[in-house]
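Student: For the sequence shown, this note's numbering assigns the number 19 to the initial residue and increments by one for each residue that follows.
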Amino acid sequence: MADEMIAQAAQKAADAERQHWGCSQAVLGALQETLGIGDNESFRAGTILSAGVARRGETCGALIGALMALGVACGRSQMPDKDAYNRAMDNAQDVVNAFKCGIEQRYKLSAPLKSTLCPEIQTRLYGRSFNFLEVPERKAFNEAGGHKPEGCPMVCAIATEAAARKILELRQDS
19 MADEMIAQAA
29 QKAADAERQH
39 WGCSQAVLGA
49 LQETLGIGDN
59 ESFRAGTILS
69 AGVARRGETC
79 GALIGALMAL
89 GVACGRSQMP
99 DKDAYNRAMD
109 NAQDVVNAFK
119 CGIEQRYKLS
129 APLKSTLCPE
139 IQTRLYGRSF
149 NFLEVPERKA
159 FNEAGGHKPE
169 GCPMVCAIAT
179 EAAARKILEL
189 RQDS
């Protein structure tokens, strides 16, 4: 049952990214729908986090969407709750590590990822990075296969799988 939910969420994220773009929302929305977490407010907040945070090439938006979902599922509710903060941060590291491992395995990378920055992932997948702030670069990304199933939709599926596994594990433990 858990594997089916994970696969379903991953497929939803990949499809959303391929059809509508917006990696962070693709992942967050798929996790929200499949796992019954979050709301429209948290989904809307993910809008501007795609393409490495507002198209700036920072942390991968798919990973940010996964971490947002994890935060909704296990984040602290009040600032003074340092224990909940530390647990959430530990869980987040598990998701980040699973994401990096998933990228390395699915794309058969010859060396581990050094970071989760969008440009590094792009370079490893497409042989170069793209400056999404510039329209010609966005077109070049599309021409390189960025929104084809084996491009960023696959990255979204990997991020979704990592977060879904962790969230379901946390539910099982509670």
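In this text, a Cβ means the ideal position worked out from N, Cα and C, and glycines have one as well.
On the DSSP letters alone, give me the boundaries of the alpha helix (DSSP H) that residue 160 sits inside.
Tutor: Position 142 of the sequence shown, counting from 1, holds the residue named residue 160. 153-161 is the extent of the alpha helix (DSSP H) around residue 160.
Student: If you draw a straight line from the alpha carbon of residue 140 to that of residue 55, how long is it in whole angstroms?
Tutor: Mapped onto the sequence shown, residue 140 falls at position 122. Mapped onto the sequence shown, residue 55 falls at position 37. Near 30 Å, if we compare the C-alpha coordinates of residue 55 and residue 140.
Student: Compute the Euclidean distance between the alpha carbons of residue 182 and residue 80, then round it to the nearest angstrom.
Tutor: Here residue 182 refers to the residue found at position 164 of the sequence shown. Here residue 80 refers to the residue found at position 62 of the sequence shown. So the alpha carbons of these two residues sit roughly 13 Å apart.
Student: For the alpha helix (DSSP H) containing residue 120, name the first residue and the last one.
Tutor: Position 102 of the sequence shown, counting from 1, holds the residue named residue 120. From DSSP, the alpha helix (DSSP H) with residue 120 extends over 100-124.
Student: Could you check whether residue 69 and residue 136 sit closer than 8 Å to each other, using their CB atoms as the reference points?
Tutor: Here residue 136 corresponds to residue number 118 of the sequence shown, with the count starting at 1. Here residue 69 corresponds to residue number 51 of the sequence shown, with the count starting at 1. Closer than 8 Å, so yes.
Student: Excluding the 5 residues preceding and the 5 following residue 158 in the sequence, name in chain order all residues of the same chain whose CB lies nearer than 8 Å to its CB.
Tutor: The sequence position of residue 158 within the sequence shown is 140, counting from 1. Excluding residues within five positions, the ones whose Cβ falls inside 8 Å are 148.
Student: Nearest chain B C-beta to residue 76 closer than 8 Å, yes or no?
Tutor: The structure shown has no chain B; it contains just one protein chain.
Student: Using a Cβ-Cβ cutoff of less than 6 Å, which residues in the same chain neighbour residue 45 once the five nearest sequence positions on both sides are dropped?
Tutor: Looking up residue 45 in the sequence shown gives position 27. Excluding residues within five positions, the ones whose Cβ falls inside 6 Å are 31, 80, 83, 84, 174, 177, 178.
Student: To the nearest angstrom, report how far apart residue 190 and residue 20 are at their CA atoms.
Tutor: For this step, residue 190 is matched to residue 172 along the sequence shown. For this step, residue 20 is matched to residue 2 along the sequence shown. Rounded to whole angstroms, residue 190 to residue 20 spans 10 Å at the Cα level.
Student: Pick from 24, 42, 66: whose alpha carbon is nearest that of residue 170?
Tutor: Counting from 1 along the sequence shown, the entry for residue 170 is found at position 152. Of the listed residues, the one whose Cα sits closest to residue 170 is 42.
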